[in-house]
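Engineer:
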Amino acid sequence: MKIYGVYSITNCFTLLIIAIKHDIEDCVKVVLYDGETYTRPTWCKVRYNAHGEAYFIKYNRRYYLKDIEREM
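Note that our numbering has the sequence shown beginning at 7, numbered continuously upward.
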């Protein structure tokens with residue numbers, strides 16, 4: 007599985023971006039990883055706030071793309 011971005015939620019849980027879709031609406035495919043297991047991958051729509059910063063909503067919380075560490 008190719009990982010595009012990593013966001014550490016706690017010392018045990020990490021949010022991983024595993025796919026990016028550039029279409030009419032940009033989307034990211036996200037999973038939650040606890041070191042051993044992955045949750046079911048879900049597509050999240052990329053949205054923009056009033057300042058133009060990109061984010062997506064997962065588990066009723068905003069995750070800004072500027073805060074996610076990119077993997078090469």
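Even glycine gets a Cβ: it sits at the ideal position worked out from N, Cα and C.
Excluding five sequence neighbours on each side, which residues of the same chain lie with their C-beta closer than 7 Å to the C-beta of ILE15?
Structural biologist: If we look at ILE15 and ignore the five residues flanking it on each side, its Cβ neighbours are LEU21.
Engineer: Distance check for GLY11 and PRO81, CA to CA, integer angstroms please.
Structural biologist: This structure cannot speak to residue 81, because the chain is shown only from 7 to 78.
Engineer: Reducing DSSP to helix, strand and coil, say where LYS72 ends up.
Structural biologist: LYS72 falls in the helix class under three-state DSSP.
Engineer: Can you tell me the Cα-Cα spacing of ALA60 and ILE9, whole angstroms?
Structural biologist: Approximately 19 Å, taken between the alpha carbons.
Engineer: Cutting at 7 Å between CB atoms, please list the residues of its own chain near CYS50, excluding the five before and the five after it.
Structural biologist: If we look at CYS50 and ignore the five residues flanking it on each side, its Cβ neighbours are CYS33, VAL34, VAL36, PHE62, ILE63, LYS64.
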